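**Q** Per my numbering: the first sequence = residues 30 to 141.
Where is the CB? At the ideal position from N, CA and C, for every residue including glycine.
Given the structure is predicted, the values throughout are model-derived calculations rather than measurements.
Before anything else, here's the structure in question.
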Amino acid sequence: MPTTQPAYKKDDNLANLVHELVRQIPKGRVTSYGAIAKSLGIPNPRMVGWAMHTTENIKKNVPAQRVVNSTGHITGGHPEFRRDLLIKDGVKVINNRVADFKRLFWDPALEL
DNA sequence: CAGATGACTGCGA
DNA sequence: ATCGCAGCCATCT
């Protein structure tokens, strides 16, 4: 039995907001943690990463593959897996880095 | 209860 | 141009 029962099952925090926003990312587009944090009013982009790190993102079918750091580099535990998903979305990825990241960058505050 | 960690970013040297 | 440090919030041990 799962002795390590995650206590973050309360979607009343940033994680929920982040997941929702990430879900709104159009296919073939990518964004950065800082942009999301800024858009949601989070002083620290770290929390965005933490929100994604939570296993909830997978449960919610959140396209974490479309979320990369400012350099467009795929961060996380399974970069290969996410890279494949990005390619499937039509995003070219080279060396775990999004090609034309600047062009494919999707700013939530700008588009929303 | 307190200390350390973490999917980051921006600025300074 | 590259390298290093500090900031912030929530969770974990």
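Have a look at the DSSP bridge pairing and note the partners of R102.
**A** Correcting the residue identity first, residue 102 is His in this sequence and not Arg. According to DSSP, which records beta bridges pairwise, H102 is partnered with R126.
**Q** Let me know if A64 comes out buried or exposed under the rule of 16 or more other beta-carbons within 10 Å of its beta-carbon.
**A** By the 10 Å Cβ count, A64 comes out buried.
**Q** Between I103 and the rest of its own chain, which residues show a CB-CB distance below 8 Å, the 5 nearest in sequence each way excluded?
**A** Excluding positions up to five away in sequence, the list reads Q94, V97, R111, R112, L115, V122, N125, R126 and V127.
**Q** Could you check where the alpha helix (DSSP H) with P72 kicks off and where it finishes?
**A** Here P72 belongs to no alpha helix (DSSP H), and DSSP marks it neither H nor E.
**Q** With DSSP as the reference, please indicate the residues paired to F134 in a beta bridge.
**A** V59.
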